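Read through the structure below, which is laid out as structure tokens, and then see the notes.
Protein chains: 2
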Amino acid sequence: MMRRVGILGGMGPQATILIMQKILDATRVRDDADHIPLIVDQNPQVPSRIRHLIDGTGADPGPVLADMARRLVAAGAEALAMPCNTAHHYAPAIRAAVDVPLLNMVDLAVARAAALAGPGSPVGILASPAVRKVGLFDAALSQRGLRAVYAPDEAAMLAAIRQIKADGPRPEARRALRAASAALAAQGATVQMIACTEFSLIAEAVDKTAATFDSMDCIVQAIVTFARKSPNKGANGHRAPAPKLAKRRSNPTMEERR
Amino acid sequence: MMRRVGILGGMGPQATILIMQKILDATRVRDDADHIPLIVDQNPQVPSRIRHLIDGTGADPGPVLADMARRLVAAGAEALAMPCNTAHHYAPAIRAAVDVPLLNMVDLAVARAAALAGPGSPVGILASPAVRKVGLFDAALSQRGLRAVYAPDEAAMLAAIRQIKADGPRPEARRALRAASAALAAQGATVQMIACTEFSLIAEAVDKTAATFDSMDCIVQAIVTFARKSPNKGANGHRAPAPKLAKRRSNPTMEERR
């Protein structure tokens with residue numbers, strides 16, 4: 024029996040579909056029943072993180088995310104995951120609302136970065152300017168002796184995110200992501216993370232000189248592992264076999280060393 | 024403010040992802056917030072419809088579907104939809120469990136067939152053999168002066184569905200669907216419906232001599248229309264603009280006459 028994971032989704036809705044596809048692709052099956060059960064709140068009406076954190080206008084998404092978390096748990100979720108990096112700024116509101124674990128994309132991505140990058144290395148963050156502004160990854164990276172470096176052209180990153188949200192990725196969004204990762208590589212960031220689920224939709228566009236991974240793939244792996252770990256076996260129980268990585272739509276630049 | 028639709032999903036999980044993509048593609052947007060809110064129970068553990076209806080073994084999916092419906096309504100769904108044709112055999116159990124409407128794929132597909140086919144015409148049904156066995160479409164088609172005709176090689180259809188569920192569509196599944204639609208066309212079925220959401224994943228494979236539509240597209244349209252109709256406006260309120268049809272992954276053989 025597998026455990027059901029609740030997805031705080033809709034940020035954006037295309038990224039939520041992508042994570043569902045990656046979870047499906049990560050599961051070898053013989054029939055439907057071998058796939059992982061999810062309950063997905065595809066809620067595109069969560070107040071804009073960009074408006075709240077960058078523009079300084081608009082409603083606080085925290086209470087809406089807390090409500091979504093409560094509803095997902097009421098609907099049977101035994102853990103939660105949120106395919107939106109920026110929204111992890113509101114993780115404390117979610118954790119305060121429910122008793123089930125939040126599989127934390129920030130913690131998982133920082134652990135992956137630490138496995139890839141040498142001590143003291145800069146880690147390139149391909150994200151919304153809001154992520155730099157709130158320092159979403161900085162403290163966790165710093166605790167592991169790493170430091171975050173951000174793409175210099177923040178206006179271009181924000182424009183690319185808005186363009187993808189409006190009508191799906193166009194070539195100019197891919198060009199902006201490639202330019203940002205090239206600029207980070209030029210600054211010495213040989214390890215980079217895609218830390219915006221809109222960029223997960225165009226992960227193949229990154230500059231190929233750095234080892235780049237996608238924080239979404241970290242959370243996919245955590246969801247599969249959680250779902251397969253029988254609650255009766257407990258924390259020390261038999262470890263589920265490592266999930267096969269996404270066979271379709273995978274980021275070809277992702278460096279897997281696990 | 025849009026109304027939230029609950030999706031009884033996981034039958035199969037890839038078809039649930041496809042309907043979410045079609046709903047997204049049917050919505051012109053400027054930002055996330057213009058998209059339709061969904062709550063999706065991606066439950067691949069619903070007892071097999073094939074085992075219950077064809078093999079005569081295995082659990083009744085009805086009570087599980089009723090439970091899912093209750094949970095979705097508790098999580099905020101104001102209507103339900105189920106991207107699995109065969110599972111509509113259990114629609115009475117769902118309707119008995121909740122007070123919100125079930126946007127019924129069978130009724131919607133039959134209405135579409137009646138708009139396309141002349142009186143007395145045969146309508147080709149590309150579906151699981153379970154659909155013929157339980158006569159899922161027969162009574163509703165007959166009420167509109169139409170009659171259902173089924174693909175003769177039922178073993179090939181069932182094998183194709185099982186293959187798609189196991190590891191995604193392979194060429195032999197596409198060949199089986201094409202052969203079935205060609206056989207139905209040879210029997211005079213100039214109008215045909217894809218009535219299995221596994222076949223929705225390979226809708227482009229149908230024989231091109233008939234006008235073929237996908238029952239999944241009927242329900243996508245109903246979901247978009249329901250979500251956009253403000254509850255305050257009521258049944259006689261302002262009609263939402265007709266949704267743009269799926270721009271990606273659309274079935275190129277679909278004949279739209281609305």
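Protein sequences appear in the order of chains L and A.
Residues 24 to 281 (our numbering) are what the first sequence spells out, left to right.
Residues 24 to 281 (our numbering) are what the second sequence spells out, left to right.
Virtual Cβ for every residue (Gly too), placed ideally from N, Cα, C.
What you are looking at is a predicted structure, and each value in this text was computed from that prediction instead of being measured.
Query                                                                                                                                        : Result
Within 8 Å, strictly: CB atoms of residue 43 of chain L and residue 69 of chain L                                                            : no
Residue 39 of chain A in three-state terms, based on DSSP                                                                                    : helix
Contact check, residue 121 of chain L vs residue 96 of chain L, beta carbons under 8 Å                                                       : yes
Alpha-carbon spacing of residue 157 of chain A relative to residue 119 of chain A, whole angstroms                                           : 20 Å
In chain order, each alpha helix (DSSP H) run of at least 4 residues that lies wholly inside the stretch 176-262 of chain A                  : 177-190, 194-209, 220-223, 238-251
Beta carbon proximity, residue 128 of chain L to chain A, threshold 8 Å                                                                      : no
Contact with chain A by residue 244 of chain L, beta-carbon distance below 8 Å                                                               : no
Close beta carbons around residue 34 of chain L, own chain, < 6 Å, minus the five adjacent residues each side                                : 69, 107, 110
Cβ neighbour criterion (16 or more within 10 Å) applied to residue 37 of chain L                                                             : buried
Contact between the stretch 192-206 of chain A and the stretch 163-172 of chain A (3+ Cβ pairs under 8 Å)                                    : no
Burial state of residue 24 of chain L, where buried means 16 or more other Cβ atoms lie within 10 Å                                          : exposed
Pick from L:87, L:73, L:104 that is closest to residue 250 of chain L, judged by C-alpha positions                                           : L:104
Backbone secondary structure at residue 170 of chain A - three-state DSSP                                                                    : strand
Beta-carbon proximity list for residue 100 of chain A, same chain, < 7 Å, skipping 5 on both sides                                           : 27, 28, 29, 62, 123
DSSP bridge partner residues for residue 143 of chain L (one or two, in chain order)                                                         : Residue 143 of chain L pairs with nothing; no bridge assigned.
Coil, strand or helix - residue 64 of chain L by DSSP                                                                                        : strand
Whether residue 22 of chain L touches residue 180 of chain L by CB criterion (8 Å)                                                           : This structure does not reach residue 22 of chain L, given that chain L is present from 24 up to 281, and the question cannot be answered.
Proximal residues, the stretch 26-41 of chain L versus chain A, C-beta separation under 9 Å                                                  : 27, 30, 32, 33, 34, 35, 36, 37, 39, 40
Exposed unless 16 or more other CB atoms sit within 10 angstroms - verdict on residue 220 of chain A                                         : buried
Amino acids of chain L, ordered along the chain, whose beta-carbon sits closer than 7 Å to that of residue 161 of chain A                    : In chain order: nothing, as chain L lies at least about 26 Å away.
For residue 125 of chain L and residue 47 of chain A, the rounded distance between their alpha carbons                                       : 26 Å
Any chain L beta carbon closer than 8 Å to residue 79 of chain A                                                                             : no
Cβ shell of residue 197 of chain L (< 7 Å), same chain only, five flanking positions each side left out                                      : 225, 228
Extent of the continuous alpha helix (DSSP H) run through residue 117 of chain A                                                             : 114-120
Assigned secondary structure, residue 99 of chain L (DSSP; H/G/I helix, E/B strand, else coil)                                               : coil
Beta-carbon contacts of residue 223 of chain L that lie in its chain and below 7 Å, excluding the five residues immediately before and after : 38, 41, 217, 237, 239
Under 8 Å by beta carbon: chain L residues contacting residue 44 of chain A                                                                  : 40
Listed by chain order, chain L residues near residue 94 of chain A by CB distance under 9 Å                                                  : 62, 97, 98, 99
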